[in-house]
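A.B. asks: Protein chains in written order, with our numbering: chain U, 4 to 215; chain A, 8 to 17.
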């Protein structure tokens, strides 16, 4: 475990906690894309099936269980518990345009043609684009609450830190995974525009509001 | 098959 991965994991954990706290304290899921959260639940479920086949460490297992569990709690909050506050009119991204191509790609480009490997690959590809419904929602409404911005920043930083982790592992461990690296680059690039807005606006005390 | 190293990542 190197520092980049540890900070990346903590950033991921922080993002999830920020999101849950935002929903719970404000009793509202306004501004949050239920579609992105469903995609994240699918990502974690398909990636962590190895919980049943291999054990790495207590840290690894507990983080996986936490990520899967909280992703379902989040989806439950949006579509059940706080449903009246869910802004479905603005959450109109067509997720089939992500799931179908990503599924096809996972089928064609993978490390090994087996069920678990294809599902793992699918989850890596899907994670890279899962935030698009959320970013689409922010651009459609033209604004994001500060707390939502903090969530997005922590979530985006996590994969950027994993890129540094992979550079480190390449040099010091000779480890390189093309699928993870390409998907990680795509994922991080999708956040670049948001990172720019976050640094130039949110950190100066303004909330993100885009010109109509 | 993918390397073992990635199995310890999240």
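All residues carry an ideal CB built from backbone N, CA and C; glycine is no exception.
It should be emphasised that the depicted structure is a prediction, and the values quoted were computed from it without experimental measurement.
1) Grab the span of the alpha helix (DSSP H) containing residue 6(U) for me, first residue to last.
2) State the CB to CB distance for the pair residue 180(U) and residue 14(A), rounded to an integer number of angstroms; the pair is presumed to be in contact (CB under 8 Å).
3) Counting only the same chain and skipping the five closest in sequence on each side, list residues whose C-beta sits under 7 Å from that of residue 81(U).
4) Helix, strand or coil for residue 211(U)? Go by DSSP, reduced to three states.
5) In or out: residue 94(U) buried (at least 16 other Cβ within 10 Å) or exposed?
6) Considering only DSSP beta bridges, list what residue 147(U) is partnered with.
7) For the alpha helix (DSSP H) containing residue 53(U), list its first residue and its last residue.
8) Mind listing, in chain order, the continuous beta strand (DSSP E) runs of no fewer than 3 residues lying wholly within the region 151-206 of chain U?
9) Can you have a look at residue 211(U) and say buried or exposed, based on whether 16 or more other CB atoms are within 10 angstroms of its CB?
C.D. replies: Reading it off the structure:
1) 6-29
2) Going by Cβ atoms, the distance from residue 180(U) to residue 14(A) rounds to 10 Å, so no, they are not a contact pair.
3) 32, 35, 37, 40 and 89
4) strand
5) buried
6) 211(U)
7) First-last for residue 53(U): undefined, no H or E at that position.
8) none
9) buried
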